[in-house]
Amino acid sequence: METSVRFTPLSGVDAESPLCYLLEIDSFTILLDCGWDENFDPAALEPIKRVLPRINAVLLSHPDLAHLGALPYLVGKCGLQAPICSTKPVRRMGEMFMFESYLAKQAISDFETFDLDDVDAAFRLNASWTELRFSQRHQLVPPPPDSKAAAATGSSSGQPAAAAAAAVAGGGITITAHPAGRYPGGAVWRISLGCGEELVYAVDYNHRKERLLNRTHFDELLAANQPALLVTDAVNALTEKSDRHRRDEEFLDAITATVEAEGSVLIPTDAAGRVLELALLLDEHFSKARVAAAPVILSATIKTVLEFARTQLEYLGNELVQAFSLKRAVPFSFRKLSVITRLEELGAFPGPKVVLATMPSLEGGPARELLVQWAALPRNTIIFTERAQAGTLAAALQTHDPSAGSGPLRLRLRMGRRMPLEGEELAEWQAAKVAAAQELAEHGGSAKDSLPLLSPSCHLTPASRLAAAARLASAGSAAAAAAGGGNAGGHTTALSQLTSPAVGRGGSGSTDQPLRASTGSISRLVRDSTTGAIVQTLTASTPGGAGAGAGAQKHHSSGGGWDAGLLMDGFEPPEDAAFPMFPDEDEPLYCEWDEYGAVLGKDEFRVPTLTDGVGAAAGRFGAGGGDTMDVDVGDSAGGGSGGGGGSGGAAGPGGDEADVADEVDEAPTKLVLSEIDLEVHAAIRYFDFEGRSDGKSAVEYLARVAPRRLAVVHGSAAARAAMAAALRRDLTYYGTQVFTPELGEALEARLAASQVAALGPTLAESLGVRQAGQYGVAWLEGRVTAGQVAGTAASGAPTPVLEPVLADDEDLPGAMAAAATARLSSGGGAGAGSVLLAQAGAVLTLTRLKAALLAAGFESHFPSRGVLAVMVGDGPSAATLIVTLGSGTPADDRVVHVSLDGPASEAYYKVREVIYEQFGVC
Amino acid sequence: MAAKRKLAEEVAVEGGELDTSNHAHVIPLGAGSEVGRSCIILKYQDKTVMFDCGIHPAYKGMDSLPLLDDIDIATVDVALITHFHLDHCAAVPYLLRKTRFKGRIFMTHPTKAIYYSLLRNLAKGAKHSSEEALFNEEDLDASMEQIEVVDFYQTIEVAGMQITPYRAGHVIGAAMFLVEVAGLRCLYTGDYSRLPDRHLPGADTPPVTPHIVIVESTYGTSRHLPRQQREQLLLDTIRTTLNRGGRVLMPIVALGRAQELLLLLDEYWEAHKSELSGIPIYQASSMMSKALGVYQTYVESLNEDIKKVFHERNPFKFRHVQTLKNPAHFIADYSGPCVIMATPSGLQSGASRDFFEAWCEDARNTCIICDFAVQGTLAKEILGGPSSITTREGRRVPLRIAVHNISFSAHADFDQTSGFLDTVKPPHVVLVHGEYGEMRKLAKALKDGAKAAGLAREVYTPVLQQTVAIEHQPDRSVRLQGRLGEKPLRSSDVVRGVLVRQAGGFGQQLLHPDDLPRYTKLLKGRITQRQAISVDVPFSVIRLALEVMFEGVEGAGTLPVTSVQGAGGKGGEVLAVTVGETVEVRYVAADDTSGTVAHVVLEWEGGRHGDMVADAVIAVVLQAVGEPVEATNAESAMIRARAAGDEAAEAAAELQLIAALLRSQYGTAVVDESGGSISLTVDGVSALVDYRAGKVVCEDVGLQARIAKSLERLAVAIRPVGVDRLQE
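Chains A and B, in that order, give the protein sequences. At position 517 of the first sequence the residue is numbered 517 (full-length UniProt numbering), and the sequence of numbers has no breaks. At position 481 of the second sequence the residue is numbered 481 (full-length UniProt numbering), and the sequence of numbers has no breaks.
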């Protein structure tokens, strides 16, 4: 049965729009990426929303906005539940990208299209996310159990089986991610169908090795087989090849020059991708060069990003891996580069500054703030490292041509700023908050199960989310641990309970394994039901985690302290901890699962009301999040003046190394907009650090892959046309069809069925396999016999076996027999025997043939170009054979044509044999 | 079953007799009925895989190497190293630098990182010793360049084999390798443990059924105590010793179990601070701090549990453990109770031996063997309970120290191994990495278990160098694609096409020649062949002969002989014909001005079909032209005789034919029918051709060669060119 494949761009045809494509394999629908741009305009997602219910799986290639930006919205607001597949870094860094974008957006506007809950739901808490390693084969659709049988029998009895096989989309779908370069974890997706065909989704790959990452090598992986369809982008189709070293030097020179002139350099970067490459470059440079300035990375999420990147060495470039193996050089432990998370911290650095700051679009984030501060001064420099999306501030700066004589660029910018609420506004807000809490307490507690109640966790500070993310990223450093443990003890506990099931499922942990199998000696704290005091228990009796935070506080206030020898096995609070701390306690050893993850008890989330007496203050704080909030003990016990937001412990004593997130308190804020006029006098430079293959290399790369169909998307019309034309030209001989589908235009391909047969041992041994380039080739003639073949793995169903064809009339004289066999072969459907020549691109030269002939004992020389004369025999029987190599006619100039002339002699046949061997003739 | 039983017997056969095309060969070059120097060879088809390459802890220098000379190392396609313990990886620098190994070599990321630290230590140590080292630091650095890394669950393709590492538990980064060669799946477990421990997950169960499982048998049929009991026992033993003022020595491998035990002790000390805080725990290895980074960075290799602890603090930063910089000073100075972990685990040498010799005469002290004690080491010896031992200086000293064996080594015990095999259900199990007796006991137990469970299972227990041959038919399946795959195959259909085999691999496609560029990177090209044969008969004669041959017989052999348009000579005479639309035969008349002699030129497109027809045409042309009448007569006589099956007459006719042909070349030729020889006289030199023996006797060497050559060529002409030979 043939397989139908439909490829439809939902977005991402031109260079500006984010990437999102639909790939349908029979009835199975795959969404390839789901990008969004910084406008976060839901209208742009209409095409995706229309197909949303049909989507069976989502494959993500890169972690940036343009590749997965719409995910939180689709999952959180549109109910996308299909399994999502990506590498681990794409998931984690993708979350950071979304986080940073959201924070930037939220800081300057009342942004409500989606919120951090949606980000959490889409990424961290998403139980249907499958993290794959590179080269790990993942079966999306299992092949039909009897595929071999179906392919095999073929007779009338085989028809039902064949029908069953067809019912399974593509005869089974297996996906594999391969490194794409460019971003950590960035993937080229290879989708293998059970019918033996392959589809490849390769966008934004980098064929060159960088500091951070290895180059992509999907061309080598696909060297043997032609994919039936390859989707590629044409963003860089018109970009010239550049010299990487020169680019680096010029980039660094520009920085040095500015700094030496007492100017500051602003380099707007993304949140979690290319920034790492730039960071490595800058740190390396500033460690060597004597420049009187310190480079700084400024981004709200950067610490988490780096923590995570450090534990994902498997995905990084060879040099980093080797440096770690040999010298234990932990990647991203910068020598010169400083990492800060808030603009305010920049003041600590004296003199000129070199700052990598987030949001390359300059539409938001610290980079925009810095631009406003610095752009007016001519001694400063703004260096862009990627092309800006049209309509953004960055684009306005990049496209401005100062030499045009229009003078300096004048911009009127709308700046947004969040101001804390004060006075009456605050009181109002608090009142509303309390009302909402009561509402929840009355209805929420009994209403539904865990998840709906979890949703209000929007009260989780970004801090706690980041901390949780960091934990998931398995941060190993003591600093981070101190920050998290010291400051965010309470909500950490709750959060890790929430998240650990997701980890368990997403990772390799099997669900019925104990979550903590080995640290049995860590005791557990339980609130005694009668006294309300905290007691230690060694058995798993109560799910005490959620109560621990509140309980701890009481324990402390009653002056109990803690007995180090008794309780604290496996956990040591920092010496300067201001309040009691308890280990991150584990849940009961076995948890139940449902489709949302671990089943949580309702009681854990029952919200205490204000009338609860002693616990009132704590209750109020915990209101929305169900006890997940951290509470500043001293203040809150007094009267709860800290506000319902649960201060993130801004002054937390343990938080000296804290992430920004811990410090951004969630106190109620309002948005204040202002407009400013900015006259740009700073120098503006552009260096391409996008990390994409240039046009020419991409074409060469794809020409090596030589897919049967090629869909060129994501590029300007001119770029797509240029790339399509170049590839049409290079791939003529393979008969490659090159398409440039427009938005919504479906590209449909019907992939022919294929059959599987086994070679009988006799036939297999009689084959004279010859080497042709990378392949072994042989002419095969076989008669199909109903097979019962032993040992072919999976199904055990009979595979037809090919046995040698026996000429019926063997006793004819030689010539007759030859003629008879020849006749036989010409009668067959496959046509006559054939001549093959090695792979296109492989060198076919007479020089090589000459060497081979010499090895076989024949002298030869070149009487003229393209002609090889072979001397055979001696004395009177001496003769000359002429071998010429060249195209026959101009029409098929890609078909190599060899001819051999000479008198009939034994040597003729010997020479011919040498030629056959050299050119893989069979 | 009968066949299988036979196979089991073949195990005893010393290797090499069965070819590898349908037998997989498993050859232990090390770890065959022994523990140490793991190195197992798997051969199947033309592929060779080496699993592990370690040294034997009980031997020194070259003796500790696996028996690498037993196979041709240059044929090894890939070496797969399971984990960083010396008995699994320490021969790698030797393998890469001092043998003819040309293959690729793989480890997991953590294995590679720790491999370097460990072997560097070894190389440094060896520098100060008198024996010849197996490798130096330079070799080690070079090996780091060559070793490639692979992550768990990645499926990589090497030389057409598919290799997937799975988690093996045991130590960080330890892998089991599943190798698939031409449909044969073989799983090598290395050292594995299915039990999750404090920092590692248990071994994976591969999702597919391997045909062969090569599994360690270290613990044979013994069973580990449940972990709680073992831990309790250990802690009790330590407490007892400390209480009586003694010291505890735990000889241990620097990385792996040491971490697990330190986690345990540290936790215990922390829990009993009040009583134990005065008693130090020492570890006398610098490796541990070096390894710390590896544990942090490759946190993905650890279990979920410890990953969570990492959020709080670094669990490998021990609170109660100190590092001993100088064991010698310590032995001299320190007298109080303490716990010491020192390497190596076998007490062969090094710090653990120093401590042992210093403390073994004091009955208050305790030595706890936590790792597996390898045969030939002191650790194994003291477990036997001798009353005295010999120190390295050769003194005989009484052994009063209490010796305990509490196994914490993360090897599978009997329950784990049999459970694993019952789940994975391989039909063939090869036991390695176990002492002779243990291995056989395990084999028996596994066989019995399989019988009880109704599973088909053969268990092999090879000794060193012994080949286990396991029959397996290779997967010879071929995928018919393109126009050949359009229709389902029906019985007795004939399919023809080009078989394309992937580079070095086993994937095969069958394609119509015209589909080649669509499914492979092959282009279809052409070879035009032109052969000239001089003739001295009119073309009409040749044409007639061709027509008689190719159109004269009804049926399958008929090929049309048609005139080529526009090739007519003067008077409408046809001077070119095409046979079977494949071979064009063109007549070129003699031209005295250019010195050209009359000849025909055959032109055809090279390839199986064209070559075949061309051979037939050449045979006919040669027959028709240039032959004297007598030759023609002789030939028809020969064909008649052949048809009649009269061999004598055929031979006689053939001789006559040869004589006639020689006569045309050399003049007089006299046939001696009875002797089967022909006498020639050329320019006064006589020569005798013994046709039956194919010999030429002649005084003139040059002439002899010429005649011999002629004979050869005549043979070609008479018996049409061997089709088969040319087609190969």
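Backbone N, C-alpha and C fix where the C-beta goes; we use that ideal spot for every residue, glycine too.
Measuring only between beta-carbons, confirm whether residue i sits less than 8 Å from chain B.
{"i": "A/V777", "result": "yes"}
{"i": "A/G181", "result": "no"}
{"i": "A/G94", "result": "no"}
{"i": "A/T3", "result": "no"}
{"i": "A/E675", "result": "no"}
{"i": "A/G866", "result": "no"}
{"i": "residue 962 of chain A", "result": "Residue 962 of chain A lies beyond the stretch modelled for chain A, which goes from 1 to 922, so this question has no answer here."}
{"i": "A/R912", "result": "yes"}
{"i": "A/R328", "result": "yes"}
{"i": "A/L727", "result": "no"}
{"i": "A/I108", "result": "no"}
{"i": "A/L320", "result": "no"}
{"i": "A/V738", "result": "no"}
With 8 Å set as the bound, which would you pick, yes or no: does the beta-carbon of residue i sit closer than that to a beta-carbon of chain A?
{"i": "B/D415", "result": "no"}
{"i": "B/R490", "result": "yes"}
{"i": "B/A634", "result": "no"}
{"i": "B/Y153", "result": "yes"}
{"i": "B/G606", "result": "yes"}
{"i": "B/D592", "result": "no"}
{"i": "B/K380", "result": "no"}
{"i": "B/A113", "result": "yes"}
Count the other C-beta atoms from every protein chain shown that fall within 10 angstroms of the C-beta of residue i, then say buried if there are 16 or more, exposed otherwise.
{"i": "residue 924 of chain A", "result": "Only positions 1 to 922 of chain A appear in the structure, and residue 924 of chain A is not among them; the question remains open."}
{"i": "A/N854", "result": "First, the residue type needs correcting, since residue 854 of chain A is Leu and not Asn in the sequence shown. Exposed is the call here."}
{"i": "B/N303", "result": "buried"}
{"i": "B/D333", "result": "exposed"}
{"i": "A/Q139", "result": "exposed"}
{"i": "A/A488", "result": "Annotation note: pLDDT 35 at A/A488 (below 50); position unreliable, coordinate value reported separately. Burial call: buried."}
{"i": "A/N126", "result": "buried"}
{"i": "A/F134", "result": "buried"}
{"i": "B/M62", "result": "exposed"}
I'd like to know whether the C-beta of residue i is nearer than 8 Å to at least one C-beta of chain C.
{"i": "B/A532", "result": "Of the chains in the structure shown, none is chain C; the protein chains are A and B."}
In the DSSP assignment, the alpha helix (DSSP H) including residue i goes from what residue to what residue?
{"i": "B/H25", "result": "Careful: B/H25 lies outside any alpha helix (DSSP H), inside the beta strand (DSSP E) at H23 to G30."}
{"i": "A/W429", "result": "G423 to E439"}
{"i": "A/D283", "result": "R274 to K288"}
{"i": "B/F550", "result": "F539 to E551"}
{"i": "A/E700", "result": "G695 to V705"}
Task: contact_flag[the segment 245-262 of chain A, the segment 720-728 of chain A] where n(CB pairs < 8 Å) is 3 or more - done: Contact fails: fewer than three Cβ-Cβ distances are below 8 Å.
TODO: Give the residues from the segment 520-551 of chain B that approach chain A closer than 7 Å (Cβ to any Cβ), ordered along the chain.
DONE: Flagged, chain order: T520, K521, L522, L523, K524, G525, R526, I527, T528, Q529, R530, Q531, A532, I533, M549 and F550.
Task: Inter-stretch contact (C-beta, 8 Å, three-pair minimum) for the segment 677-686 of chain A and the segment 400-420 of chain A - done: Judged by Cβ distances under 8 Å, the segment 677-686 of chain A makes contact with the segment 400-420 of chain A, as three or more pairs qualify.
Task: Under 7 Å (Cβ pairs) to chain B, residues found in the segment 169-202 of chain A - done: Those would be G196, in chain order.
Task: Contact between the segment 74-86 of chain A and the segment 326-344 of chain A (3+ Cβ pairs under 8 Å) - done: Inter-segment contact for the segment 74-86 of chain A and the segment 326-344 of chain A is absent: fewer than three beta-carbon pairs are separated by less than 8 Å.
- [ ] Check whether the segment 704-712 of chain A touches the segment 475-494 of chain B, taking contact to mean three or more Cβ pairs, one atom from each stretch, closer than 8 Å.
- [x] The count of Cβ pairs closer than 8 Å, one atom from the segment 704-712 of chain A and one from the segment 475-494 of chain B, stays below three, leaving the stretches out of contact.
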